[in-house]
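Counting in this note's numbering, the sequence shown runs without a single skipped number right up to 397 at its last residue.
C-beta: ideal position from N, C-alpha, C; glycine also.
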Amino acid sequence: MTPRFQYTKATQEDIQQLGYILEQCFLMSSGDSETYVKRIGLENFRVIYREQKVAGGLAIIPMGQWWGSQSVPMAGIAAVGIAPEYRGEGTAIALIQNTLHELSNREIPISVLYPATQRLYRKAGYEQAGSSCVWEIPGDSIQIRQPSLSIEPVILENYAIFHELYQKQAKFTHGYLDRHSAIWEGLIRASDSETVYGYLIGDQDQPQGYIIFNQERTKDGSVLRIRDWATLSNAAVQTFWTFITNHRSMIDKVMWKSSVIDALTLMLPEKTASIRNQDRWMLRIVDVCKALEARGYPPGVEAELHLEVQDDLLIANHGKFTLSVANGKGEVTKGGKGELQLDIRGLAPLYTGLFTPRQLQLMGKLQATETALLKATQIFTSESPWMIDFF
């Protein structure tokens, strides 16, 4: 019997048809998909066939994600597109499920994506796991003029000059990406109608931060849009805000990405910054043992948590596991008492710390003994997870 769908790596012949589908799905201009494919790499695209025709596809971006000061290998799922004539027939879920089986075979611990619709990805075991917020502030309300460090423009020919600074900040930012080159290239790449600027904060030989931004005119006035930033010291934060303040005569509004609770706003003299948009990204535990062992944990915690996980798609995740945490590391063995029960979806926000174990219990996402609940709270306590990147 011929399978209803055929899932495979994209070939050069497939990519033209997939590009056409993606341009239609994401309202791209003609030819934009070709640029995107070159940035991501043809080898990272997958397609699904229906009736010997390309019905859709996606990109698998190999990255890492920082959890507990450890970079956990992660597959970012992007550009999920299905041709209109094949929608509503199970094509999308078949594409995602096949992708997850591939990731499981490749022993990749976790997968992350930004959903266009949560229902589809929840069927495949993804769940809300972190946030990405766009903040804005009137340019003339910042009023910080305490430059502690020098700030120097740099030519954005490549991202190497920023990479080490970014990694230092990312290591201690719960949920940040260990970026693929395509993410960096998207940050420094300018369109035909804009210019992207980059500045190092501090001495060129020992910088303490950076800022990458562009400026644009909108119907609401002029906007300075911060694409990426890192501040590794209080002096760097002061200089960051002073630099932005110095644009007040030309810029009406400043926008940047950060967490729901943004520490940068603590430096502002008044509560003039606000969240313009908040998004949630989703995570899927692909390999329970590897995911729990790869991440870091609070160094002072010693505890043993007995989990029972339900996963109807990736059977290796289905069953009882014992997580032993000590010295900031976790070790997983199969078996145990199963004192905390949850499905693979419920494990995602527990793993990331987006919600506390007690909140997840209240929402019906897990069941646990009081002892197991307390241990889970100790083990997975963290700052609210977020990332600055969209992919």
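Rounded to whole angstroms, what is the Cα-Cα separation between residue i and residue j?
| i | j | result |
| --- | --- | --- |
| arginine 231 | threonine 201 | 11 Å |
| alanine 354 | leucine 238 | 29 Å |
| alanine 297 | isoleucine 150 | 42 Å |
| leucine 106 | arginine 301 | 20 Å |
| glycine 96 | asparagine 323 | 24 Å |
| threonine 224 | lysine 259 | 10 Å |
| tyrosine 303 | leucine 356 | 13 Å |
| glutamate 29 | isoleucine 218 | 28 Å |
| alanine 269 | tyrosine 92 | 45 Å |
| serine 147 | leucine 272 | 14 Å |
| arginine 45 | glutamine 212 | 30 Å |
| valine 53 | proline 9 | 15 Å |
| leucine 48 | alanine 16 | 7 Å |
| tyrosine 120 | methionine 256 | 34 Å |
| isoleucine 114 | glycine 136 | 19 Å |
Once you ignore the five residues that flank residue i on each side, which residues in its own chain have a CB closer than 8 Å to its CB?
| i | result |
| --- | --- |
| glutamine 22 | none |
| valine 338 | Val294, Cys295, Leu298, Glu299, Phe327, Thr328, Leu329, Ser330 |
| phenylalanine 32 | Ala85, Gly87 |
Going by DSSP, name the residue or residues bridged to residue i.
| i | result |
| --- | --- |
| valine 338 | Leu329 |
| leucine 348 | Val315, Leu372 |
| methionine 5 | The structure shown does not extend to residue 5, since the chain spans only 7 to 397, so no value can be given for it. |
| leucine 238 | Paired residues: none, contrary to the question. |
Mapping DSSP to helix, strand and coil, what is residue i?
| i | result |
| --- | --- |
| methionine 7 | Interpretation of methionine 7 is limited by its pLDDT of 46, a score under 50 that renders its predicted location unreliable; the figure taken from the coordinates is listed afterwards. Methionine 7 falls in the coil class under three-state DSSP. |
| aspartate 38 | helix |
| glutamine 244 | helix |
| tyrosine 216 | strand |
| isoleucine 399 | The requested residue 399 is not part of the displayed model; the chain covers only 7 to 397. |
| arginine 290 | strand |
| glutamate 146 | Note that residue 146 is aspartate in the sequence shown here, rather than glutamate. The answer is helix: DSSP assigns aspartate 146 an H, G or I state. |
| alanine 130 | coil |
| arginine 233 | strand |
| glutamate 389 | coil |
| valine 206 | A quick correction: the sequence has leucine, not valine, at residue 206. Three-state result, leucine 206: strand. |
| arginine 125 | helix |
| leucine 356 | helix |
Excluding five sequence neighbours on each side, which residues of the same chain lie with their C-beta closer than 7 Å to the C-beta of residue i?
| i | result |
| --- | --- |
| methionine 69 | Met80, Gly82, Leu183, Asp184, Arg185, His186 |
| methionine 7 | Model confidence at methionine 7 stands at a pLDDT of 46, short of 50, so the residue's coordinates are unreliable and nothing is read from them. |
| arginine 128 | Arg351 |
Within its chain, find whatever has a CB closer than 6 Å to the CB of residue i; leave out the 5 residues flanking it on each side and keep chain order.
| i | result |
| --- | --- |
| tyrosine 132 | Met288, Arg290 |
| tryptophan 190 | Tyr165 |
| lysine 381 | Ala309, Leu311 |
| leucine 206 | Glu158, Val160, Pro213, Tyr216 |
* Entirely enclosed alpha helix (DSSP H) segments - the stretch 160-200, minimum 4 residues -> 166-177, 187-194
* Segments of 3+ residues assigned as beta strand (DSSP E) that fall wholly inside the stretch 12-37 -> 12-15
* Which whole runs of the beta strand (DSSP E) in the stretch 39-94 are 3 residues long or more, in chain order? -> 51-56, 59-73, 76-88
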